[in-house]
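Note that the protein sequences, when read in sequence, are chains F and S.
The letter at position 43 of the first sequence is residue 43 when you use the numbering used here, and the numbering goes up by one with no holes.
Each number in the numbering used here comes from the position in the second sequence (counting from 1) with 1000 added on.
Before any comments, here is the structure.
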Amino acid sequence: MEKIEKKKIFDFINNQKIFLILIALVIILSLSNRLFLTYENIINILFQIVLTGIIAIGMTFIIIGGDFDLSVGANMALAATVLVILEKYGLAVSIIGAILVSSLVGLISGVFVTKLKINAFVTTLAMMIFLKGWVLLLTNSQTIQGQSDTILKLGYGTVFKVPFSVIIFLVLYIVFGLVLSKTIWGRNIYAVGNNSKAAHFFGISIAKTKILAFTLVGFFCGISGVILVSRLNTASATYGNDTALDAITAVLLGGTSLSGGEGSVFKTFQGVLLLGVLSNAMIVLNITPYLQQVIKGLILIIILSIDSYYVKVNKFK
Amino acid sequence: MGKSIIKNLFKKQAVLMVFIFLFIIFAFFVPSFFSARNLINILKQSAILGIVACGLTFPVIAGNVDLSVGSIVSLCGVVALSLSYQSIWLAIFIPIVLAVIIGLINGFIVTKFNANSVIITLGSLAVIRGLALIYTGGKMVEGSDASKFILIGRSLIGGVPAYIFIFIIIAVILGIVLNFTTLGRFVYHIGSNIEAGKIAGINIDNIRIYTFIISAVASALAAIILSSRLYTASPLTGNGYEFDAVAAIVVGGSSLFGGKGNIYRTVIGIFFIVMVINAMILLNLPVAFQYIAKAVIIVVAVWLDIRTSRVII
């Protein structure tokens, strides 16, 4: 009896370890810096993490399905560019246009992966290079400036001091958390990621499931691109260089496994928050951007090592 | 039966055919493409990228990918050039040692934890690039004319830069290692069937770690030559080299799924990529088209690879 209790506690700690690390980190940071646990700073952390955070939702779907997407940063830059170029036709047209183009890019990646059987690494690597070229072409290798400033009103508008983008971010997490856990498509993604052959025998269309997931990532890149422009009203091919790295780190940090078949949007939410708090802490501690890059890379390597080690150990048990 | 063998042979050399075909087209239609100066230019470009790509061929055939090669070129380049003030031997020796350590770490993590090499090396790319930026404080490193280091990149043999011969020597050595040594044979075995390799008693982990070390050291050699030739080194010099190298490998016909390919194919692949980019520059096309061309080449090459291997099965 006591043993079971102990195991329960251990399992609880194991399942909630990211949450516990997050709380510990927040306590340490708020004790060491009075400005950390203020309303402004919390909003600031969320404001900074929104772009990566939204893309990380889509990345969660893809990773649970057993793939990953390296082209997300370039796709976000594309959405930003399309938005800035279309701005002269009105706000609604430009926003819808940007999100549509990015979703279409995701759809094409999905088709390449499932129908042409080119694996996700090659497809999304090539897509990243292609999109970079396309954005350079559209922007003439420069930073382009939007024609109208109305979009900035969206970027800096608030409700009860909470920026619109943070509200969108939270709503998307709730909605797509439910989509992944409650819908048939969501369950199919787990099945495909776990064992695609078995999923196929059960009559699940692997192609349809994966294409939808890639389209969803594209859709999120579109939204992130729109939010990016709503803050700067500019677009450039250099945007989103580290987005794939950050988004994958956030997903793995949350505890979703790169080997597919397990994880959740809620876990990614924790990973995104942890990454946000860490980035904020690095800025507060005056760590140079170069060193921040080193630390971020190390976090990804360590997290993936631990994840892979668990998978390896369980496999040989 | 005989017909299918001929068909297979033709398919295997398809890249070479397309390469020769494009070369002839460019020679006729691209102004100043077919001149001694430009051809040497193509060789010069190919040499640096080629050394990186030939090294990267090892982990790829073993079924892994090393995306950190570009950042290794950056880091080793700035380290080599800043050490060239002290001594040419330090400027060569230290980057190679650094590369061995990096390759060892990459390989160790990928093999011992059984981690996905793409994402691990994406992480080490960020780490190494960050280290290169920290090392120089984000600035360029300038070389000094007084150092003998300049000779590596600037001496000529019969009017041709000496490092082109270094590239050829490295490619030949790597080719021999891959095709005529036990290590090379094991690399193929591991790439084509990791379980069978285990049963055959190969120490898989060690072989895979060696492949990462080879790829890192090749990048360091490329960095030494490049920084000596340009006499400036930026912590961002090697950005994107990983894409060109991966593109060259898949264009050559080596499989990114492991088990298939060789150095000779990678060399053809690198000439192919560099030649296409060179023609685009001569035609004054915007840089953007280079990216688009590379992406299209990668996808088409891999797609053809998948299609043809299906036919053979």
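Here a beta-carbon is modelled for each residue, glycine too, at the ideal position from N, C-alpha and C.
Drop a sphere of 10 angstroms on the beta-carbon of W134 of chain F, count the other beta-carbons inside from all chains shown, and report buried for 16 or more, exposed for fewer.
-> Around the beta-carbon of W134 of chain F, 16 or more other beta-carbon atoms lie within 10 Å, marking it buried.
Between Y290 of chain F and G1130 of chain S, is the Cβ-Cβ spacing less than 8 Å?
-> Yes, the Cβ-Cβ distance between Y290 of chain F and G1130 of chain S is below 8 Å.
Are there 16 or more other CB atoms within 10 angstroms of the CB of Q270 of chain F, so buried, or fewer, so exposed?
-> With 16 or more other Cβ atoms from the protein chains shown falling within 10 Å of its own Cβ, Q270 of chain F counts as buried.
Would the beta-carbon of G225 of chain F fall within 8 Å of that of S102 of chain F?
-> With contacts defined as CB atoms closer than 8 Å, G225 of chain F and S102 of chain F qualify as a contacting pair.
Bounding residues of the alpha helix (DSSP H) (the contiguous stretch that carries P1095 of chain S) | From DSSP, the alpha helix (DSSP H) with P1095 of chain S extends over 1088-1112.
Does DSSP put T234 of chain F in a helix, a strand or coil?
-> Annotated three-state conformation of T234 of chain F is strand, per DSSP.
Which residues, in order along the region 119-131 of chain F, keep a beta-carbon less than 9 Å from a beta-carbon of chain S?
-> Legend: CB atoms of the region 119-131 of chain F lying less than 9 Å from CB atoms of chain S belong to residues N119, F121, V122, T123, L125, A126, M127, M128, I129, F130, L131.
Of the residues F:S30, F:T114, F:K17, F:N41, the one placed nearest S205 of chain F, counting alpha carbons only | Of the residues F:S30, F:T114, F:K17, F:N41, the one whose Cα lies closest to the Cα of S205 of chain F is F:T114.
Taking Cβ positions only, does F1243 of chain S come closer than 8 Å to chain F?
-> It does; some Cβ of chain F falls within 8 Å.
Output the distance between the C-alpha atoms of N44 of chain F and I1051 of chain S, rounded to the nearest integer angstrom.
-> Across the structure, N44 of chain F and I1051 of chain S are spaced so that their CA atoms are roughly 46 Å apart.
Along chain S, which residues have their Cβ under 8 Å away from the Cβ of S141 of chain F?
-> The contacting residues are P1286, V1287, A1288.
Strand pairing of I248 of chain F, partner residues [DSSP] = Answer by DSSP bridge pairing: none, since I248 of chain F is not bridged.
I1249 of chain S and L1056 of chain S: beta carbons closer than 8 Å?
-> Their beta carbons are under 8 Å apart, which means I1249 of chain S touches L1056 of chain S by this criterion.
What residue does the alpha helix (DSSP H) around V1217 of chain S start on, and which one ends it?
-> For V1217 of chain S, the enclosing alpha helix (DSSP H) covers residues 1204-1230.
Reduced DSSP category for T1136 of chain S - H, G, I as helix; E, B as strand; rest coil | Here DSSP, grouped into helix, strand and coil, assigns T1136 of chain S to helix.
Taking only beta-carbon atoms, is W134 of chain F less than 8 Å away from chain S?
-> Taking Cβ atoms only, chain S reaches closer than 8 Å to W134 of chain F, which makes this a yes.
Looking at chain S, which residues of the region 269-287 of chain F have a Cβ within less than 9 Å of any of its Cβ atoms?
-> Sequence-ordered contacts of the region 269-287 of chain F with chain S are nonexistent [C-beta pairs closer than 9 Å].
DSSP state of I299 of chain F, grouped into three classes?
-> Helix at I299 of chain F.
Alpha helix (DSSP H) containing T1026 of chain S: first to last residue?
-> Note on residue identity: the sequence assigns Phe, not Thr, to residue 1026 of chain S. That run of the alpha helix (DSSP H) goes 1014-1029.
Using a C-beta cutoff of 8 Å, does V1299 of chain S count as contacting chain F?
-> Closer than 8 Å to the CB of V1299 of chain S there is at least one CB belonging to chain F.
May I ask you to verify whether the region 1013-1031 of chain S touches the region 1271-1285 of chain S, counting CB pairs closer than 8 Å and requiring at least 3?
-> A contact between stretches requires three or more CB pairs, one per stretch, nearer than 8 Å, and the region 1013-1031 of chain S meets this requirement with the region 1271-1285 of chain S.
Chain S contact residues for K296 of chain F, given Cβ-Cβ distances below 7 Å = Residues of chain S passing the Cβ test: A1126.
Give a yes or no on whether the minimum CB-CB distance between F1113 of chain S and chain F is below 8 Å.
-> With its beta carbon less than 8 Å from one in chain F, F1113 of chain S belongs to the interface.
Taking buried to mean at least 16 other C-beta atoms within 10 Å of its own C-beta, is P1095 of chain S buried or exposed?
-> The residue in question, P1095 of chain S, is buried, as its Cβ has 16 or more Cβ neighbours within 10 Å.
Nearest-angstrom Cα separation, counted from I54 of chain F out to G97 of chain F = Going from the Cα of G97 of chain F to the Cα of I54 of chain F covers about 19 Å.
Give the straight-line distance between the Cα atoms of I1312 of chain S and V1302 of chain S, rounded to the nearest whole angstrom.
-> With a pLDDT of only 36 at I1312 of chain S, under 50, the local geometry of the prediction cannot be trusted, and the value read off the model is given with reservation. In this structure, the CA atom of I1312 of chain S is about 15 Å from the CA atom of V1302 of chain S.
Where does G1265 of chain S land, buried or exposed, given buried means 16+ other C-beta within 10 angstroms?
-> First, the amino acid is wrong: residue 1265 of chain S is Arg here, not Gly. Buried, since its Cβ has 16 or more Cβ neighbours within 10 Å.
Inter-residue Cα distance where the pair is M1280 of chain S and V72 of chain F = Going by C-alpha positions, M1280 of chain S is about 27 Å away from V72 of chain F.
DSSP bridge partner residues for P1161 of chain S (one or two, in chain order) | Note: P1161 of chain S sits in a beta bridge opposite S:L1156.
Use the C-beta contact count for Y173 of chain F: other C-beta atoms within 10 angstroms, 16 or more gives buried, fewer gives exposed.
-> A buried status is given to Y173 of chain F, since no fewer than 16 other beta-carbon atoms sit within 10 Å of its beta-carbon.
Who are the Cβ neighbours of G193 of chain F in its own chain at under 6 Å, not counting the five residues just before and after it?
-> Excluding residues up to 5 positions away in sequence, I64, G65, G66, G260, G261 lie with their Cβ nearer than 6 Å to the Cβ of G193 of chain F in the same chain.
Can you name the residues that DSSP bridges to T60 of chain F?
-> When beta bridges are read from the DSSP output, T60 of chain F appears opposite no residue.
Bridge partner(s) assigned by DSSP for I144 of chain F | According to DSSP, which records beta bridges pairwise, I144 of chain F is partnered with F:A235.
Would you say A1014 of chain S faces chain F, with C-beta separation under 8 Å as the test?
-> With 8 Å as the cut-off, A1014 of chain S does not count as an interface residue toward chain F.
Quick one: does L300 of chain F have its CB under 8 Å from some CB of chain S?
-> It does; some Cβ of chain S falls within 8 Å.
Could you name the residues of the same chain whose beta carbon sits closer than 7 Å to that of V1078 of chain S, not counting the 5 residues immediately before and after it, in chain order?
-> If we look at V1078 of chain S and ignore the five residues flanking it on each side, its Cβ neighbours are A1132, Y1135, T1136, V1141, A1233, P1235.
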